[in-house]
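Enquirer: This note's numbering puts the first residue of the sequence shown at 36, with every later residue one more than the last.
Ideal Cβ placement from N, Cα and C applies to all residues, glycine included.
Quick one: structure below, then a few questions.
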Amino acid sequence: MTNNSHQNLKRTTVCCPKCGRQTSFAFPGDAIDEEGEFYRCQHCGWPFHYK
């Protein structure tokens, strides 16, 4: 059995504040900033704050 760190990333689902659709991201791997607090909606591309 192998341990793949990419498969173990915590996935978080939130409602986008702009388009209102559910979007998911790997926390903190998909962050678009160095602090790991901002993510981009999969649907409309809107950057939102998640902490």
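State the DSSP-derived secondary structure class of Lys45, mapped to helix, strand or coil.
Expert: Stepping through the sequence shown from its first residue, residue 45 is reached at position 10. It is a strand residue.
Enquirer: Leaving aside the five residues before and after Pro63 along the sequence, list all residues of the same chain whose C-beta is less than 8 angstroms from its C-beta, in chain order.
Expert: Within the sequence shown, the letter at position 28 stands for residue 63. Taken in chain order, the residues that qualify are Gly71.
Enquirer: Pop quiz: Cys54 and Phe83 are said to be a contact at Cβ under 8 angstroms. What is the actual Cβ separation, rounded to whole angstroms?
Expert: The residue you call residue 54 lines up with position 19 of the sequence shown. The residue you call residue 83 lines up with position 48 of the sequence shown. Taking the Cβ atoms as the reference, Cys54 lies roughly 10 angstroms from Phe83, outside the contact range of under 8 angstroms.
Enquirer: With 16 other CB atoms within 10 Å as the buried threshold, where does Tyr74 fall?
Expert: Taking the sequence shown and counting its residues from 1, the one referred to as residue 74 is at position 39. It counts as buried.
Enquirer: Can you tell me whether Arg75 is helix, strand or coil according to DSSP?
Expert: Taking the first residue of the sequence shown as position 1, residue 75 is located at position 40. Residue state, collapsed to three classes: strand.
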